[in-house]
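I have placed the structure first, in the form of structure tokens, so that the comments after it can refer back to it.
2 protein chains.
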Amino acid sequence: MSKRHVSLKTLAQTLNVSISTVSRALRNHPDISAELTQKVQELAQELDYSPNPLAIGLLKHQSNTIGVIVPDLVTYFFSSIISGIESVANEHGYYIVIRCSYESAEKEKECLDNLLKLRVAGIIMCLAQETQDYAHFSNLIEEQVPLVFFDRICRPEEVSTVVVDNLEAARRITRHFFESGYRRIAHIAGPAQLNITQERIQGYQQGLAECDLAFDESLLVHCDLSIPSATEATRQLLALPVRPDAIFGVNDTTAFAAMKEIKRQGLRIPNDVGLVGFTDEFHATVVEPTLTSVMHPTYEMGREAGLLFLEQVNAQAAPAPRQAVLTTQLVIRESSVR
Amino acid sequence: MSKRHVSLKTLAQTLNVSISTVSRALRNHPDISAELTQKVQELAQELDYSPNPLAIGLLKHQSNTIGVIVPDLVTYFFSSIISGIESVANEHGYYIVIRCSYESAEKEKECLDNLLKLRVAGIIMCLAQETQDYAHFSNLIEEQVPLVFFDRICRPEEVSTVVVDNLEAARRITRHFFESGYRRIAHIAGPAQLNITQERIQGYQQGLAECDLAFDESLLVHCDLSIPSATEATRQLLALPVRPDAIFGVNDTTAFAAMKEIKRQGLRIPNDVGLVGFTDEFHATVVEPTLTSVMHPTYEMGREAGLLFLEQVNAQAAPAPRQAVLTTQLVIRESSVR
DNA sequence: AACCTTTGCGCAAAGCTTTGCGGAATTATC
DNA sequence: GATAATTCCGCAAAGCTTTGCGCAAAGGTT
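Shown next as structure tokens:
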């Protein structure tokens, strides 16, 4: 760090005025004469003065950093959401500090603690898969620390959230399968405690009902969102006495793992088994057959989360928590139409 | 923020001792009696005291945040490197603040300025594609601000860098094509000013030479690493009077764009055209045919960058810049063997 | 010419931490 | 019992910024 940055003190000494005068001049305070103001501002410009955010943070008890916690840094889903958050943050003079929970509840708590110790302005996060106990958010909520959940959420009555229309999307997928002639429609779901899992299962069941298809428990299997687990789930489905003719995967990892396993068993997509996933555009179009999928507006989710966050930061009183529900789009490609 | 955190002052008042005594007690200073030390530490524990990093930063002129600048947040390559950086940072009590240059030289400079104004401890970054002028790093270098470049680098005599064995990898690819029977081997290269482009072109030419193949200028085309540009480059190659029978793409985006375009023109991979890219594992195995590719140890690159950074931070004197060269691995799959 | 209002600037505190130095009280020494 | 040496703790400054308050000089008023 060294003596890189000049401070108000430097400016003041150079101009032979007091520090407070310099401070006021830089903020165009009317108490300071026009000519002195100009002289100060010119010198500040010349010496590349920038106020020390540490000092300001200390004084004002506020910070311009947003803590962001994701279960995983590497997948497209999260990195594009981060990208959205970063863009909003940047536009409003905020910086994002990223930590990864690696889907662990314990690590999530640790990340949270650490970021709070760092004195971030608040937290934007997606719950870890493992997290089932939501008590560690109580303090934050009570103390009105700005907090936004996205995708995997909890306590929505108390915390602002950004989600997609999971139920509706799952319903549409199911109906799309039906309309394409598929009748034994399976669903590889995520961990049972996650809101996204529950909502998508509900949509799946609702879709089945609307198509007058009975819900068959054996066609609903859970996985932990990892590739091996999704592969295993697919195997389980394909080993059923009466094989499903369509599979709807809960996310992109699941869908691709399923695709590989289906192919490995010598089955053809979409003829033998139809396949749909929640994915991002790039992946879905590069595989063969191209994958029908529900597009998450991930970048927009990130931006929306950022905006909800800023809303809380800027509010003098604590604003009522808001629920942003973004709409997904079912993009029909080769894998689900025969 | 509010009154969330207790300060030394609170502890001192509660115990009726001075702030400095509390400070010393917490750091086990021998001047403080054992019993008082214990009392202080117990209270601190109870009240969940954590020292304010803003105050410490102000006092010691140092920070525990690392500025990270990437050209793109979304691609696997960068997000997995970020993941590596984050893990090292975390292990050593540092936090990473991420900014995105969107491949723009101007934005890159802006990110750099902003992060320095935030008083980060230093910068880990990958150059934007557009960046051709490296003058804005001179200040940092002179003032010995910890700085590490990865992948796309400049001024390696002055700055620590993390790269892969680009030349060697490109040479291996070329020879692999030759050994698989390909003879008109084309290369879709990146922007000419990037070190990675230059090194891979050199490796490509060296490989050709070793196989007694003449270098044909028309088989070397540049793209800007975007999908449309890579598609266009592929088109250009395939439209040549004598079509190449093998294409080596400079990165994953390029390789996949090429794959799509080759297929679109009704050509078969690997029979009509062999294809190899620099990619990550997941993408490469999910496409059809599976893609032979050079695997970047991306996570390791991130970790290495983090370690080189910490080396600079912890050194009292400025350490000599170090060049970490990680080795890639050529993973042969279906797309390059007929 | 005496008083009042502006105008223009500085003092000092607060926010939190670390640390050199000084000082009071206790113990040891002669 | 007086002096020297410990032991244990507090004062204050530094790091940087903002802001309420006070104060001097200048100008205006009668």
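Those protein sequence lines, which keep their order, are chains A and B.
Residue numbering for the first sequence follows the UniProt record's numbering, starting at 1 and increasing by one per position.
Residue numbering for the second sequence follows the UniProt record's numbering, starting at 1 and increasing by one per position.
Every residue, glycine too, gets a C-beta built ideally from N, C-alpha and C.
Since the model is a prediction, treat every value here as computed from it, not as a measurement.
By Cβ distance below 6 angstroms, which residues in the same chain neighbour residue i in space, the five residues on each side in sequence not counted?
i        : result
B:Asn195 : Ile153
A:Leu73  : Cys100
A:Arg303 : Gly84, Val88
Is the separation between the beta-carbon of residue i and that of residue j shorter than 8 angstroms?
i        : j        : result
B:Phe177 : B:Val162 : no
A:Val159 : A:Leu147 : yes
B:Ile124 : B:Phe309 : yes
B:Val97  : B:Ile82  : no
A:Val221 : A:Leu237 : yes
B:Arg175 : B:Cys211 : yes
B:Tyr95  : B:Asn52  : no
B:Gln323 : B:Pro156 : yes
B:Ile85  : B:Ala315 : no
A:Gln144 : A:Ala318 : yes
A:Thr234 : A:Glu217 : no
A:Gln129 : A:Glu103 : yes
B:Asp224 : B:Tyr76  : no
A:Val17  : A:Leu47  : no
A:Leu307 : A:Val88  : yes
A:Leu275 : A:Ser180 : no
A:Ile56  : A:Val120 : no
B:Val286 : A:Val287 : yes
A:Leu54  : B:Leu54  : yes
Exposed or buried, what is residue i when buried is set at 16 or more other beta-carbons lying within 10 Å of its beta-carbon?
i        : result
A:Arg183 : exposed
B:Arg264 : exposed
A:Gln312 : buried
A:Arg200 : buried
A:Pro30  : exposed
B:Lys107 : buried
A:Arg27  : exposed
A:Gly203 : buried
A:Ala214 : exposed
A:Asp252 : buried
B:Asn166 : buried
B:His59  : A small fix is needed here, since residue 59 of chain B is Leu in this sequence, not His. Exposed, by the Cβ-count rule.
According to DSSP, is residue i helix, strand or coil?
i                      : result
B:Gln323               : strand
B:Val331               : strand
A:Arg119               : coil
B:Ala258               : helix
A:Phe248               : strand
A:Tyr95                : strand
B:Cys211               : coil
B:His136               : helix
residue 340 of chain A : No statement about residue 340 of chain A is possible, as the shown extent of chain A runs from 1 to 338 and does not include it.
A:Gly266               : coil
A:Gln203               : As written in the sequence, residue 203 of chain A is Gly, which differs from the Gln given in the question. Helix.
B:Ser336               : helix
B:Ala105               : helix
B:Ser63                : coil
A:His187               : strand
A:Gly181               : coil
A:Met1                 : With a pLDDT of 41 at A:Met1, under the threshold of 50, the predicted position of this residue should be treated as unreliable, and no value is reported.
A:Leu15                : helix
Skipping 5 residues on each side, what residues in its chain have a beta carbon closer than 7 angstroms to that of residue i?
i        : result
B:Lys9   : Ile19
B:His136 : Lys109, Leu112
B:Lys39  : Leu15
B:Thr254 : Ile188, Cys223, Leu225, Ala230, Gly277
A:Tyr49  : Val6, Leu11
Tell me which residues share the same chain as residue i and place their Cβ nearer than 8 angstroms to its Cβ, disregarding the 5 neighbours each side in the sequence.
i        : result
B:Met1   : A caution first: B:Met1 carries a pLDDT of 41, below 50, which makes its placement in the model unreliable, though a value can still be read off. So the list is empty, once near-sequence residues are dropped.
A:Pro321 : Pro156, Glu157, Glu158, Val159, Ser160, Thr161
B:Ala169 : Arg200, Gly203, Phe278, Val294, Thr328, Leu330
B:Thr21  : Ala12, Ile32, Leu36, Val40
A:Gly93  : Asn64
Okay, do the segment 291–299 of chain B and the segment 261–278 of chain B touch, 3+ Cβ pairs below 8 angstroms being the bar? yes
Would you call the segment 326–337 of chain A and the segment 293–305 of chain A touching, i.e. three or more CB-CB distances under 8 angstroms? yes
Can at least three beta-carbon pairs, one atom from the segment 30–49 of chain B and one from the segment 25–37 of chain A, be found at a separation below 8 angstroms? no
Do three or more CB pairs link the segment 184–203 of chain A to the segment 236–246 of chain A at distances below 8 angstroms? yes
Below 8 angstroms, can you find three or more Cβ-Cβ pairs linking the segment 227–238 of chain A to the segment 191–208 of chain A? no
Touch test, the segment 73–90 of chain A against the segment 299–314 of chain A, Cβ-Cβ under 8 angstroms, three pairs minimum: yes
Examine the Cβ distances between the segment 116–135 of chain B and the segment 114–122 of chain A and report whether three or more of them are shorter than 8 angstroms. no
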